[in-house]
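Asker:
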Amino acid sequence: MSEHPLFRKILIANRGEIALRILRACHDLGVRAVVAYSDVDRESLPVRLADEAVCIGPAQAARSYNNIPAIISAALITGCDAIHPGYGFLAENPYLAEVCAQVGVTFIGPRPEVIELMGNKAEARKMMKRAGLPIVPGSDGPLENLAAARQIARRIGYPLLVKAVAGGGGRGMRVVRDEGDLVRALPLAQAEAEAAFGNGEVYLERYIARPRHVEVQILADHFGNVLAVGERDCSIQRRHQKLVEEAPAPNLPRKTRDTLLGAAVKGAKAARYTNAGTLEFLVDPGGNAYFMEMNTRIQVEHPVTEMTTGIDLVAWQIRIAAGQRLTLDQRDREPRGHAIECRITAEDATNDFAPSVGTVEMYVAPGGPGVRVDSHLYAGYSVPPYYDSLLGKIIAWGRDREEATARMERALTETVITGVPQTVSFLRSIVAGDEFRAATYDTGFIPRLVARQIQASGPISDDDEVVAET
Ligand code: ADP
Ligand code: ADP
Ligand code: MG
């Protein structure tokens, strides 16, 4: 199948579980890989399992994982001819992609222009609207001033969401209920966006009540072939960050699913998109779907798609970047069974999800039929305070949703992580609950669950064990 050879050596410009995931794809493809690491990650699992590793700077991400000159030098010094950016850090930075092209290293991702376009959420909305996709009703672009904002807000109707054009990772969003709210929130939102993303532009979207977050995984090669590989439901979120995801989306009418997959292909084609990407949609209780944003990288929750399709998405990212043609067909895209992913984070669920650090004392990973673990943890691993709190992901597959759920509950029960407060018990309380079982949930699931848990236990009570962490 390979008219083109794959790469000589790939630089993995990331850390943690995703660095390990990319390393595994490289080894499955027979490609050597170099892991770029910061000082505090010297002992990490991806570094130990890499063919080579190169230190790119101190712990602070700005001086290591987000440092383009350091990443490029690491690639050139070690003779890499491609860079995989993973997610987060520089994954959606068009300049890295541009510099890669200039120095003759392949960036494993879409073209810099496409990264830049989708990185501006207001521009992405405009582009997708032109392409004929339904978008969340909102402003046509960034807000010019308060007077204009008021006028647009009246036209769309309250409640509204003020969103940062350059936002991401669940940050840069504020709900406004009325005009008074808007007047107060706008300058704050702009200042926050400027501080957090270096771009103070914000736009307005109607705040959709009780929506589901359903997203579509895309693969696109350099020959114009675009595949919608399947959808994922990622409605179980805390502070706009995903905790649990599943594929296929449960209780999604066939018609809505077809609309979403069709819209995603149309949008990706209009953008002349290449490599793996995800179009995120909101689905309202009436089944209406609206495009929200496009992520131009591999997604944290990609394994649920892999488990239900058998497609190795990271391997395909590498093949596509090497110039190979997509050779998957419709049959590959029909989901088989059901998969659920739980994200385990270093957060104390008994203490308002305060970030936790420390050294892992004991680590027992779950296993058995249908269970996959993507994690860089090991006993003795020190969780550094500098980065994202993700410790790993458990993915459970079953012939149907019921079996996948039962296996997930079992897997979470088997998991032991001591020494660092984490979210395993909290995740189990999600999966074991009636609302999850019934799959009738929306993005308000976690606030409702937390309220029930607090009500059930009171501020100090033995029942705290339900969400107690080791
Ligand atoms: P996914 O959509 O893949 O689930 P997330 O929204 O959870 O992605 O983000 C994946 C990673 O990327 C997280 O580490 C998140 O903090 C980071 N991230 C995404 N976008 C941004 C951004 N604009 N600024 C900073 N970090 C971001
Ligand atoms: P990010 O770039 O941080 O991922 P998104 O635009 O994808 O931001 O939004 C993150 C989450 O916020 C969504 O998954 C959804 O739960 C919620 N959200 C975003 N826009 C809206 C909206 N217009 N109405 C209701 N909820 C929204
Ligand atoms: Mg998003």
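Number 195 in my numbering belongs to position 212 of the sequence shown; there are no gaps in the numbering.
Ideal placement from N, C-alpha and C gives every residue a C-beta, glycine not left out.
Bear in mind the structure is a predicted one, so any value in this text is a computation, not a measurement.
#1: Give the DSSP-derived three-state secondary structure of Arg189 in the structure shown.
#2: Is Tyr190 a contact residue of ligand 2, with contact defined as CB to any heavy atom under 7 Å?
#3: State the Cα-Cα distance for the pair Arg46 and Pro52, rounded to the nearest angstrom.
#4: With a CB to CB cut of under 6 Å and the five nearest residues on each side skipped, what residues in its chain are close to Val356?
#5: Counting only runs that start and end within the segment 195 to 227, where is the beta strand (DSSP E) found for 3 or more residues in a row?
#6: Is it a yes or a no for the segment 356 to 365 touching the segment 410 to 417, going by three-plus beta-carbon pairs under 8 Å?
#7: Is it buried or exposed, Arg94, if we count other Cβ atoms within 10 angstroms and call 16 or more buried?
#8: Considering only their Cβ atoms, is the gap separating Ala172 from Val158 smaller than 8 Å?
#9: Identify every run of the alpha helix (DSSP H) within the segment 44 to 88, keeping only runs that are complete inside it and at least 4 residues long; order them along the chain.
#10: Using C-beta distances below 6 Å, list every residue in its chain close to Gly353, excluding the 5 sequence neighbours before and after it, in chain order.
#11: Taking DSSP as the reference, what is the three-state secondary structure of Ala329?
#12: Using the beta-carbon count (16 or more within 10 Å), is Gly71 buried or exposed?
#13: Excluding the 5 residues flanking Tyr369 on each side, which residues of the same chain have their C-beta closer than 6 Å to its C-beta?
#14: Quick check: the Cα distance between Leu524 and Ala57, rounded to an integer number of angstroms?
#15: In chain order, what residues of the same chain lie with their CB nearer than 7 Å to the CB of Thr239, ignoring the 5 residues before and after it?
#16: Determine the direct distance from the alpha carbon of Arg255 to that of Phe472, and round the result to whole angstroms.
#17: Residues in the same chain with beta-carbon distance under 7 Å from Ala114, minus the five sequence neighbours each way, listed in chain order, please.
#18: Assign Asp204 to one of two classes, buried (16 or more other C-beta atoms within 10 Å of its C-beta) or exposed (fewer than that).
#19: Would you grab the beta carbon distance between Pro268 and Arg193 for me? Rounded to a whole angstrom, and I think it's under 8 Å.
#20: Report the three-state DSSP secondary structure of Asp454 (helix, strand or coil).
#21: Tell me Ile400's beta-bridge partners as DSSP assigns them.
#22: Any idea if Leu(-6) is buried or exposed, counting beta-carbon neighbours within 10 angstroms, 16 or more meaning buried?
#23: Determine the burial state of Ser444: buried for a count of at least 16 other Cβ atoms within 10 Å of its Cβ, exposed for fewer.
#24: Please determine whether the Cβ atom of Glu324 lies at a distance below 7 Å from any heavy atom of ligand 2.
#25: Count the other C-beta atoms from every protein chain shown that fall within 10 angstroms of the C-beta of Lys146, then say buried if there are 16 or more, exposed otherwise.
#26: Nearer than 7 Å: is that true of the beta carbon of Glu276 relative to any heavy atom of ligand 3?
#27: Quick one, which of Asp24, Ala74 and Ala149 has its alpha-carbon nearest Ile39's?
#28: Do you know how far the Cα of Thr61 is from the Cα of Thr279?
#29: Can you tell me whether Glu228 sits near ligand 3, meaning its C-beta is under 7 Å from at least one heavy atom of the ligand?
#30: Examine ligand 2 and report whether any of its heavy atoms sits within less than 7 Å of the Cβ of Glu263.
#31: Look up Gly155 in the DSSP assignment and say whether it is helix, strand or coil.
#32: Does the beta-carbon of Met(-16) have 16 or more other beta-carbons within 10 angstroms, so that it is buried, or is it exposed?
#33: If contact is defined by three or more beta carbon pairs under 8 Å, each pair taking one atom from either stretch, is the segment 217 to 233 in contact with the segment 322 to 329?
#34: Which one or two residues does DSSP pair with Met277 in a beta bridge?
#35: Any idea which residues DSSP pairs Trp299 with across the strands?
Answerer: Taking the definition as stated:
#1: As a first step, residue 189 must be located in the sequence shown, where it is residue number 206. Three-state result, Arg189: strand.
#2: Indexing the sequence shown from 1 puts residue 190 at position 207. Yes, since a heavy atom of ligand 2 falls inside the 7 Å radius drawn around the Cβ of Tyr190.
#3: On the sequence shown, residue 46 is found 63 positions in, with the first residue counted as 1. On the sequence shown, residue 52 is found 69 positions in, with the first residue counted as 1. Distance between the alpha carbons of Arg46 and Pro52: 10 Å.
#4: In the sequence shown, the residue the question calls residue 356 occupies position 373. Counting only Cβ-Cβ distances below 6 Å, and skipping sequence neighbours, we find Ala348 and Ile377.
#5: If we require 3 residues or more, the beta strand (DSSP E) runs fully inside the segment 195 to 227 come out as 195 to 203 and 209 to 221.
#6: no
#7: Working through the sequence shown from its first residue, we reach residue 94 at position 111. It is buried - the Cβ of Arg94 has at least 16 other Cβ atoms within 10 Å.
#8: The residue given as residue 158 occupies position 175 in the sequence shown. The residue given as residue 172 occupies position 189 in the sequence shown. No, the pair does not count as a contact, with Cβ atoms beyond the cut-off.
#9: 51 to 60 and 77 to 86
#10: Residue 353 sits at position 370 when you count from the first residue of the sequence shown. So the qualifying residues of the chain are Ala379, Trp380, Gly381 and Arg390.
#11: Here the question's residue 329 lines up with position 346 in the sequence shown. In this structure, Ala329 counts as coil in the three-state DSSP scheme.
#12: Mapped onto the sequence shown, residue 71 falls at position 88. So Gly71 counts as buried.
#13: Mapped onto the sequence shown, residue 369 falls at position 386. If we look at Tyr369 and ignore the five residues flanking it on each side, its Cβ neighbours are Ala42.
#14: With the chain running from -16 to 453 in the structure shown, residue 524 is simply not present.
#15: Locating residue 239 in the sequence shown gives position 256, where the first residue counts as 1. So the list reads Val266, Gly270 and Ala272, once near-sequence residues are dropped.
#16: With the chain covering -16 to 453 only, the question about residue 472 has no answer from this structure.
#17: As a first step, residue 114 must be located in the sequence shown, where it is residue number 131. For Ala114, where only same-chain residues beyond five positions count, the Cβ hits under 7 Å are Lys249, Gly250 and Ala253.
#18: Counting from 1 along the sequence shown, the entry for residue 204 is found at position 221. With 16 or more Cβ atoms within 10 Å of its Cβ, Asp204 is classed as buried.
#19: Residue numbering aside, residue 268 sits at position 285 when the sequence shown is read from its first letter. Residue numbering aside, residue 193 sits at position 210 when the sequence shown is read from its first letter. Going by Cβ atoms, the distance from Pro268 to Arg193 rounds to 6 Å, so yes, they are a contact pair.
#20: Lying outside -16 to 453, the shown extent of the chain, residue 454 is not represented and no answer is given.
#21: Position 417 of the sequence shown, counting from 1, holds the residue named residue 400. DSSP, once it has assigned bridges, lists Tyr346 as partnering Ile400.
#22: As a first step, residue -6 is located in the sequence shown; it is residue number 11 there, counting from the start. Looking at its Cβ environment, which holds 16 or more other Cβ atoms inside 10 Å, Leu(-6) is buried.
#23: As a first step, residue 444 must be located in the sequence shown, where it is residue number 461. Reliability of the predicted coordinates at Ser444 is poor, the pLDDT of 43 falling under 50, and the value obtained from them is presented with this limitation in mind. Exposed is the call here.
#24: Here residue 324 refers to the residue found at position 341 when the sequence shown is read from its first residue. No, since every heavy atom of ligand 2 falls outside the 7 Å radius drawn around the Cβ of Glu324.
#25: As a position in the sequence shown, residue 146 is number 163, starting the count at 1. Answer is buried; the Cβ neighbour count reaches 16.
#26: Residue mapping note: residue 276 aligns to position 293 of the sequence shown, counting from 1. At least one heavy atom of ligand 3 is nearer than 7 Å to the Cβ of Glu276, so yes.
#27: Indexing the sequence shown from 1 puts residue 39 at position 56. The shortest C-alpha separation from Ile39 is found at Asp24.
#28: Here the question's residue 279 lines up with position 296 in the sequence shown. Here the question's residue 61 lines up with position 78 in the sequence shown. Roughly 26 Å separates the two Cα atoms.
#29: Sequence index remark: in the sequence shown, residue 228 carries index 245 (1-based). It does not: the Cβ of Glu228 is nowhere closer than 7 Å to a heavy atom of ligand 3.
#30: What you label residue 263 is simply residue 280 of the sequence shown in a count that begins at 1. Yes, the Cβ of Glu263 comes within 7 Å of a heavy atom of ligand 2.
#31: Reading the sequence shown from its first residue, position 172 is the one you call residue 155. Gly155 falls in the strand class under three-state DSSP.
#32: For the purposes of this step, residue -16 is taken as the residue at position 1 of the sequence shown. Unreliable placement is indicated for Met(-16), whose pLDDT of 47 sits below 50; the coordinate value is still reported in the next sentence. Looking at its Cβ environment, which holds fewer than 16 other Cβ atoms inside 10 Å, Met(-16) is exposed.
#33: yes
#34: To locate residue 277, count along the sequence shown from 1; it is residue 294. According to DSSP, which records beta bridges pairwise, Met277 is partnered with Leu262.
#35: Position 316 of the sequence shown, counted from the first residue, corresponds to residue 299. Answer is none; Trp299 lacks a bridge partner.
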